[in-house]
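Numbering (the numbering used here), first residue to last: 30 to 381. The beta-carbon is built from N, C-alpha and C at its ideal position, and this holds for glycine as well. Given the structure is predicted, the values throughout are model-derived calculations rather than measurements. See structure below.
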């Protein structure tokens, strides 16, 4: 298998080529998790994998609690399917908490403080209330919890990792929190081994062909645990070797045949870009800093035939969007005819 074939198969497995899903929640379940620190771009990350969908449709899935936006896996925002949130937290929370322990000590946040904070937040949200961070913060202060510096952020972060709170129904442009137990029905718990195997199979099914190091990076799990997960599902995966590295993908995936001819306008932080430790198969090293800034921002990407061609930027108007394209160099420039279908799909998503 060549680099081009790997990228083409990734397009198919990531539902960017001939997607087969009918609902936003199906897309998120297939992907396992979709990075979502840029809220609007995360909606498009779902929409681009669901042709004919609209921003309103994806927002409704979030409002209905079918999709949640919360901190899981790597310590950043992700969209996850409601049915997956508990076992994913069970798997990733211990490693995240361990990784930020030093920062918590500097902020003088200990277990007693977290228990007190969780109790306050739980009482404030009980009864189906959906409240913003700004509405909840005074409750913490009234009960003697200092919120200086990054303490407030970490108190909410911990409540998410503990499975106490999750995303609620947005109020205008303001996000809210709700109690997870009221938002998502209880589920049969998985053993840690079962959760690890499920996450591993989900990743290689939706992101493969990918390496063990890719899975470790995406999941936030150490290599030793990632390797254990891979061993548990390896019989369900194909393995190919490219440049002396093993790549894995699900047996159900067929080898890609024809690369789609039109360009794709991938959102910022899209899984096609962010879900792999090494990105040289599709992003020229000389242009990495154009796409990924030094402070870790991943810009929206122009993709053609599985290869990065440049970045794009949009300005939203009431009835249309203004698009700007910045190609890496003249040789990467695409004809307008290749970009037009992607533009139209994005416009439909925003304005229908």
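Considering only DSSP beta bridges, list what residue i is partnered with.
i	result
residue 195	207
residue 339	331 and 356
residue 274	271
residue 350	345
residue 279	266
residue 303	DSSP lists no partner for residue 303.
residue 200	203
residue 64	107
residue 239	277
residue 321	327
residue 294	331
Distance check for residue j and residue i, CA to CA, integer angstroms please.
i	j	result
residue 147	residue 206	13 Å
residue 309	residue 235	19 Å
residue 305	residue 246	7 Å
residue 216	residue 112	8 Å
residue 189	residue 99	7 Å
residue 48	residue 55	11 Å
residue 260	residue 30	22 Å
residue 364	residue 248	37 Å
residue 171	residue 105	28 Å
residue 311	residue 337	6 Å
residue 96	residue 90	6 Å
residue 221	residue 375	40 Å
residue 121	residue 362	41 Å
residue 166	residue 211	21 Å
residue 332	residue 53	22 Å
residue 343	residue 33	29 Å
residue 271	residue 183	41 Å
residue 86	residue 51	11 Å
residue 181	residue 127	19 Å
residue 173	residue 35	55 Å
residue 256	residue 239	13 Å
residue 313	residue 233	24 Å
residue 274	residue 202	45 Å
residue 359	residue 131	47 Å
residue 94	residue 196	8 Å
residue 67	residue 329	11 Å
residue 307	residue 119	27 Å
residue 37	residue 160	43 Å
residue 39	residue 200	36 Å
residue 258	residue 250	10 Å
residue 164	residue 153	10 Å
Excluding the 5 residues flanking residue i on each side, which residues of the same chain have their C-beta closer than 6 Å to its C-beta?
i	result
residue 116	219 and 224
residue 355	339 and 340
residue 133	none
residue 379	84
residue 62	102, 107 and 109
residue 92	198
residue 78	44, 48 and 56
residue 381	83
residue 316	357
residue 368	292
Leaving out five residues on either side along the sequence, give the residues of the same chain with a beta carbon under 7 Å from the beta carbon of residue i.
i	result
residue 327	297, 298, 302, 303, 320 and 321
residue 371	291, 292, 293 and 294
residue 151	193 and 208
residue 352	341, 343 and 372
residue 187	143
residue 157	211
residue 191	147
Our contact map puts residue i next to residue j with C-beta atoms below 8 Å; I'd like the distance itself, whole angstroms only.
i	j	result
residue 101	residue 75	Residue 101 to residue 75, Cβ: 16 Å. No contact.
residue 124	residue 65	That pair is no contact at about 19 Å.
residue 262	residue 230	5 Å
residue 208	residue 141	Actually they do not touch by this definition, with Cβ atoms about 22 Å apart.
residue 237	residue 279	6 Å
residue 70	residue 300	The Cβ separation is near 11 Å, so there is no contact.
residue 213	residue 114	6 Å
residue 400	residue 179	Beyond the ends of the chain as shown, which are 30 and 381, falls residue 400; an answer cannot be given.
Going by beta carbon distance, what residues of the same chain come within less than 8 Å of residue i, once the five residues before and after it are set aside?
i	result
residue 227	116 and 219
residue 169	146, 149, 150, 176, 181 and 184
residue 80	48 and 374
residue 325	none
residue 276	30, 35, 237, 238, 239, 240, 268, 269 and 270
residue 252	241, 242 and 245
Mind checking if residue i is an interface residue toward chain C, Cβ cutoff 9 Å exclusive?
i	result
residue 208	No chain C is present in this structure, which holds just one protein chain.
Taking only runs of the beta strand (DSSP E) that begin and end inside the region 94 to 167, which ones reach a length of at least 3 residues, in chain order?
96 to 101 and 105 to 110
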